[in-house]
Amino acid sequence: MSNVIRLDKLLSERGAGSRTLADRLIRRGRVTVDGVVITAKQTHVPIDAAVAIDGEPLLVPPVLIAWHKPAGVVSSVHDDHGRPDLALALPEEWRSRHHPVGRLDAETSGLLLFSGEGRLTQWLLHPRRAIEREYEAVVEGAPAPDLAARLAAGIPTADGVHVAQVLEQDADRVR
67 MSNVIRLDKL
77 LSERGAGSRT
87 LADRLIRRGR
97 VTVDGVVITA
107 KQTHVPIDAA
117 VAIDGEPLLV
127 PPVLIAWHKP
137 AGVVSSVHDD
147 HGRPDLALAL
157 PEEWRSRHHP
167 VGRLDAETSG
177 LLLFSGEGRL
187 TQWLLHPRRA
197 IEREYEAVVE
207 GAPAPDLAAR
217 LAAGIPTADG
227 VHVAQVLEQD
237 ADRVR
């Protein structure tokens with residue numbers, strides 16, 4: 067995939083209207099790219115170019131990507147040990163602009179978000195927001211009889227003590 071796009075398509079993708087309307091705006095000289103008036107719709111421009119219509123900037127819409135991380139993939143964009151990493155999730159041209167929001171352990175599968183907006187990432191991860199995260203663990207074997215009590219009391223980790231709400235428990239399952 068290329069890092070350039072036809073100007074009429076870019077205008078349409080950024081919400082300026084249909085490609086027909088974008089073509090009309092371009093032909094009438096109302097569109098600038100990096101400060102230069104463009105009048106040919108077939109012009110290819112960088113995907114992240116500064117585009118304006120009648121002097122009003124047409125902002126790049128923020129992208130938030132939701133991806134189901136499979137077990138066995140480490141939560142880094144590049145792994146020095148050669149293990150499968152998050153580069154699997156993103157096309158190559160997006161890797162330098164998008165980063166994971168949080169992380170999951172390598173052997174954990176689940177929802178992982180990617181963002182190109184640092185402020186959004188900070189907002190989502192800041193403890194003050196107290197954004198709820200839900201985890202379900204599946205383990206082999208019967209749970210210890212006191213497992214529910216230990217989970218409710220909290221599990222100490224490097225990030226602090228994490229309490230798990232036990233929804234139900236029987237001889238072979240704790241949920």
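Residue 205 in this note's numbering sits at position 139 of the sequence shown, and the numbers go up by one each step.
All C-beta atoms in this analysis are idealised placements derived from N, C-alpha and C, irrespective of residue type, glycine included.
On a predicted model such as this, the values are computed, not experimentally measured, just so you know.
So for residue i, helix, strand or coil by DSSP?
i	result
residue 216	helix
residue 159	helix
residue 79	helix
residue 67	Confidence at residue 67 is low in this model, with a pLDDT of 47, below 50, so the placement of that residue is unreliable and no value is reported for it.
residue 176	strand
residue 118	strand
residue 89	helix
residue 98	strand
Find the nearest neighbour of residue i within the set the options, judged by alpha-carbon distance.
i	options	result
residue 136	175, 108 and 123	175
residue 167	181, 114, 149 and 138	181
residue 157	147, 149 and 143	143
residue 126	82, 203 and 216	82
residue 191	220, 215, 202 and 165	165
In chain order, what residues of the same chain have a beta carbon less than 8 Å from the beta carbon of residue i, not counting five sequence neighbours either side?
i	result
residue 188	none
residue 67	At residue 67 the pLDDT is 47, less than 50, meaning the model places this residue with poor confidence; the figure from the coordinates comes in the next sentence. Same-chain partners within the cutoff: 157, 158 and 159.
Cα separation between residue i and residue j?
i	j	result
residue 99	residue 123	10 Å
residue 222	residue 159	39 Å
residue 215	residue 161	43 Å
Whose C-beta lies closer than 6 Å to the C-beta of residue i among residues of the same chain, with five residues either side of it excluded?
i	result
residue 133	155 and 178
residue 145	151
residue 209	240
query: For the 8 Å Cβ check, are there 3 or more pairs between the segment 107-114 and the segment 68-79?
result: yes
task: Would you be able to state if there are at least three C-beta pairs under 8 Å between the segment 74-92 and the segment 119-134?
output: Yes, the segment 119-134 is in contact with the segment 74-92.
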